[in-house]
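Remarks on the structure that follows.
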Amino acid sequence: MKKTKRFLAVVLCMLLMLTPLAVVAETVTVQAAEPQTVKVKLDKKTGKRYGYDGNNQKVTQQWGVTAKGFRYYFGKNGAAYQADQDMVGKYGILMKKINGKYYGFDVSGHTVKGIRVGSVSMYEIPKLYYFNPKTGAVDKKKTSLYRKYAATSTLAKQNNASKIKKVLGKYKKCTISKGNTCMLDGNGKDVTYTYDYVQLNVVRPTGKGSSAEVVASITVRR
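Per our numbering, the sequence shown starts with residue 2, numbered consecutively.
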């Protein structure tokens, strides 16, 4: 009798092992956490900025926003990502990849928005980038479009500056060279439009108005 029971138990175990199990997969929705409110303190010796939470604890490897709305990202050691003014100038930016997306940070560590000129590495020539006004991340579609608008003209092909000027909006200053340009066989003037953070350099052909200007380059504001 005992042998029979043992045999039945073994058979039952084997049947259970061979029977497919129904697995219920739970869908987990991961939501990006909103940046916590932080107080930012400047280390005057190093020039670096650090964020502290409500418990006065240093914030690391996460976003933080101040009461005034300035957004920062604090690295492993707690220092905010920020551009080096000696390297990129007052209006230059530092670009960093965070969770698969590129963001730009100015010399104060603020996340930048709109059109800026920067580079993703020290070996890349600075280019135009468009940063989403809400998220701060690079908008690849608009970046590509605006780069076409700001493409440099050559002797073989001239790119009218009207589209990129419209996107950039109202300029702060316009400077026209006294001498002739070195482009267009010297038949024109170099014109520089200065905006908040960038400069648009164009050539105005001799005898024509601003509507005939062609793109020379777009650079960081000096």
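Every residue, glycine too, gets a C-beta built ideally from N, C-alpha and C. Being a predicted model, the structure only gives us computed values, none of them experimental.
Open item on the list: Three Cβ pairs or more, each shorter than 8 Å: is that satisfied between the stretch 83 to 92 and the stretch 58 to 71?
Closed with: no
- [ ] Have a look at Gly137, Leu156 and Glu214 and flag the residue whose alpha-carbon is nearest the alpha-carbon of Asn100.
- [x] Gly137
- [ ] Only counting runs of 4 or more residues, tell me where the alpha helix (DSSP H) segments fall wholly within the stretch 139 to 184, in order along the chain.
- [x] Listed in chain order, the complete alpha helix (DSSP H) runs (minimum 4 residues) inside the stretch 139 to 184 are 141 to 150 and 163 to 169.
Task: Beta carbon of Ala213 nearer than 7 Å to that of Asn202 - done: Result no, Cβ atoms of Ala213 and Asn202 do not sit closer than 7 Å.
Open item on the list: What does the alpha-carbon distance come out to for the pair Asn161 and Val215?
Closed with: 4 Å
TODO: Report yes or no: do three or more beta-carbon pairs, one from the stretch 144 to 152 and one from the stretch 97 to 112, lie closer than 8 Å?
DONE: Contact between the stretch 144 to 152 and the stretch 97 to 112 is absent, because fewer than three Cβ pairs lie under 8 Å.
Open item on the list: Could you tell me the alpha carbon to alpha carbon distance between Lys190 and Ile116, rounded to whole angstroms?
Closed with: 25 Å
Task: Status (buried if at least 16 other CB within 10 Å, exposed otherwise) for Arg223 - done: exposed
Open item on the list: Restricting to Cα atoms, I'd like to know which of Asp186, Gly208 and Ile219 is closest to Tyr231.
Closed with: This structure leaves residue 231 out entirely; the chain is present only between 2 and 223.
Task: C-beta atoms of Arg50 and Gly93 nearer than 7 Å - done: no
TODO: Pull up the DSSP beta-bridge partners for Ile116, would you.
DONE: Tyr131
Open item on the list: According to DSSP, Lys225 sits in a beta bridge with which residue or residues?
Closed with: The structure shown has nothing for residue 225, since the chain only spans 2 to 223.
Task: CA nearest to the CA of Arg72, picked from Leu43, Lys102, Leu129 and Lys135 - done: Lys135
- [ ] Tell me whether Gln62 sits in a helix, a strand or coil according to DSSP, three-state version.
- [x] coil
TODO: Count the other CB atoms, across all protein chains shown, that sit within 10 Å of the CB of Lys166; report buried if there are 16 or more and exposed otherwise.
DONE: Around the beta-carbon of Lys166, 16 or more other beta-carbon atoms lie within 10 Å, marking it buried.
Task: Gly110 - DSSP class collapsed to helix/strand/coil - done: coil
- [ ] Kindly indicate which three-state DSSP category Asp191 falls into: helix, strand or coil?
- [x] Three-state result, Asp191: strand.
Task: Rounded straight-line distance, which links the Cα of Ser122 to that of Met184 - done: 30 Å
- [ ] List the endpoints of the continuous beta strand (DSSP E) containing Ala217.
- [x] Val215 to Val221
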